[in-house]
Amino acid sequence: MAGPSSFGRYTHAIVRSVPDSLAAQPAGDGAEPVDLAKAHRQYGVYTGILRQKLGLQVIELAADEGLPRSVLVEDAAVIQADTALVTRPWEPARRGEISSIRKVLEELKMRVVEVTDDGATLDGSDVLFTGREFFVGISQWTNHRGAEAVADAFRDFAVSTVPVAGSSHLKSFCSMAGPDTIAIGSSEAAKKAMRTMEQLTDHHYDTLTVPDDPAGNCVYVRLGPKGSALLHRSPEEFPSSLPLFQKLADLTLIPAACSEVAKLGGALSSCSLLINKKLDR
């Protein structure tokens, strides 16, 4: 099984182009409407980073105007090693996003597992894999039966549940910033989730606490012999969090903005599904 030694190693990324219908989606928490031109620019920069700076083979699915939130591909699957669990989003309207993702995963010869429980709801943005274990956020979007589907699909790993308040996903405010480092926001909800994870795990993780919850979502990628990179929210968006990332001296820091999909609850990790096809033997 793949574990901590292969954590952060990826060869492929699945992304989906921004549909024009994204602009008509209601923004949350009183945010300004989505700026479609800006969303396209940010998506272009993001996919360019995946290809050019992270060296990934990018599989780009065409935009689907009937699925306005489908750019948030992370919600559609949970992937570890050669196993891909196709999720069951809480929003029925988003379940149409699954079939095209499943097709790509099958073409990549992944072991594709389905959520078969009609009572389960599961968004991939609620699933944090640390390289050692899974934490699944129990949120507005993901329920305990969804977490059980994760446990069934990835039986080599411990799976623990973490309550998430409000309309956030677990990864709205946390992510892995290295093999043993959890980046976490500073809100009460984030602190509570971190305490829960610390109580549930047998492993000690370092924590990188950033002042802004959205900045807690970043993407750690190994660059082979050249070291490792951390894709993080841009300093224009969250200037107070940048000095915290700069303390990670061993990482190549790559800023990226995702303000427009963030208006719909998205984050940096939401916009790609990362896959490692060169699995450790």
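Take 0 as the starting number for the sequence shown in numbering that gives the first Met the number 0 and just add one per residue. Where is the CB? At the ideal position from N, CA and C, for every residue including glycine.
Check, Outcome
"Locate the alpha helix (DSSP H) running through S258, then write down its first and last residues.", "S258 to A261"
"For P32, which of L267, L252, L273 and E259 has the nearest alpha-carbon?", "E259"
"In the DSSP assignment, the beta strand (DSSP E) including I181 goes from what residue to what residue?", "T180 to I183"
"Within the continuous beta strand (DSSP E) that includes R93, where are the two ends?", "No beta strand (DSSP E) holds R93; DSSP gives it neither H nor E."
"Sort R40, Q56 and S16 by Cα distance to L285 and report the nearest one.", "The requested residue 285 does not occur in the structure, where the chain is confined to residues 0 to 280."
"Where do the ends of the alpha helix (DSSP H) carrying A38 lie?", "L35 to G47"
"Restricting to Cα atoms, I'd like to know which of P242, S227 and A228 is closest to P234.", "P242"
"Report yes if the C-beta distance between T120 and R94 is below 7 Å; otherwise report no.", "no"
"Count the other CB atoms, across all protein chains shown, that sit within 10 Å of the CB of C270; report buried if there are 16 or more and exposed otherwise.", "buried"
"Consult DSSP for G264 and reduce its assignment to one of helix, strand or coil.", "coil"
"Count the other CB atoms, across all protein chains shown, that sit within 10 Å of the CB of E154; report buried if there are 16 or more and exposed otherwise.", "According to the sequence as given, residue 154 is Arg; it is not Glu. Classification of R154: exposed, given that the 10 Å Cβ count is below 16."
"At what residue ranges does the region 209 to 234 contain a whole run of the beta strand (DSSP E), taking only runs of 3 or more?", "218 to 221 and 227 to 232"
"Name the two residues that bound the continuous beta strand (DSSP E) containing Q79.", "A76 to Q79"
"Just to confirm my understanding: we take A26, look at its own chain, exclude 5 residues before and 5 after, and list those with CB closer than 7 Å. What are they?", "P32, V33, K262 and L263"
"Using DSSP bridges, identify the partner residues of R110.", "T82"
"Between P224 and V14, what straight-line distance do the alpha-carbon atoms span, to the nearest angstrom?", "26 Å"
"Check for me: the beta strand (DSSP E) holding R15 runs from which residue to which?", "H11 to R15"
"Hey, how far is the Cα of A30 from the Cα of G165?", "16 Å"
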